[in-house]
Amino acid sequence: MIVELPDELLHRAEKVAMQRKTTLNKLMIEGLEKAIEVPQAVKAEPVQLSPEEAEFFEIDSYGVPVLKRRDVEDCFEICELGCPVLKKERGGVMTNEMVNQMRDELGI
Numbered sequence: 810m811i812v813e814l815p816d817e818l819l820h821r822a823e824k825v826a827m828q829r830k831t832t833l834n835k836l837m838i839e840g841l842e843k844a845i846e847v848p849q850a851v852k853a854e855p856v857q858l859s860p861e862e863a864e865f866f867e868i869d870s871y872g873v874p875v876l877k878r879r880d881v882e883d884c885f886e887i888c889e890l891g892c893p894v895l896k897k898e899r900g901g902v903m904t905n906e907m908v909n910q911m912r913d914e915l916g917i
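Reading the sequence shown from the start, the letters are residues 810 to 917 in the working numbering.
Structural data, given as C-alpha cells:
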C-alpha cells in the first residue's frame, strides 16, 4: 500500500515519532484510530425519564427528551401567522407563573 503525504507533514511526523521513541507506522496508526473513533456523545447512556417526566416528555431518535406531541397539540393551536398559541379554553396566555409551576412539578 502506498500513502502519499506532503513532504512537510512527513518530516514533522518523523520528528514526532523520534521524540516519542516510536515508529512512523505506529504514529500513523494511532492518528488514524483517533480520526475514526466514535465520538463520546454517541456512546452516552440513554436518558431515563421518571414517571412524572414521562407524562409530559418522550425521548426522540437522538436520545433527547421532547414534549409529547399529543400534549402540545392538546394545548396549542396555530394562529393565522403560523405561530403556536395556547388554545382559548386552556387560558389563552402562557404566563411565567404557569411555566414556573410546570418546572416545580417536574423538578427542573
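From the three backbone atoms N, C-alpha and C, an ideal C-beta is built for every residue, glycine too.
Look up E864 in the DSSP assignment and say whether it is helix, strand or coil.
Of the three classes helix, strand and coil, the one that applies to E864 here is helix, per DSSP.
Grab me the residues of P855's own chain with a C-beta within less than 6 angstroms of its C-beta, minus the 5 sequence neighbours each way, in chain order.
A distance below 6 angstroms between beta-carbons, with the five flanking residues on each side excluded, links P855 to the following residues of its chain, in chain order: G872.
Can you find a C-beta in chain B that's less than 8 angstroms from the C-beta of G872?
Absent from the structure: chain B. Only one protein chain is present.
DSSP beta-bridge partners of V894:
The partner list for V894 (beta bridge, DSSP) reads E886.
Short Cβ contact (8 angstroms threshold) for E886 with V875
Cβ distance not < 8 angstroms, so E886 and V875 don't count as in contact.
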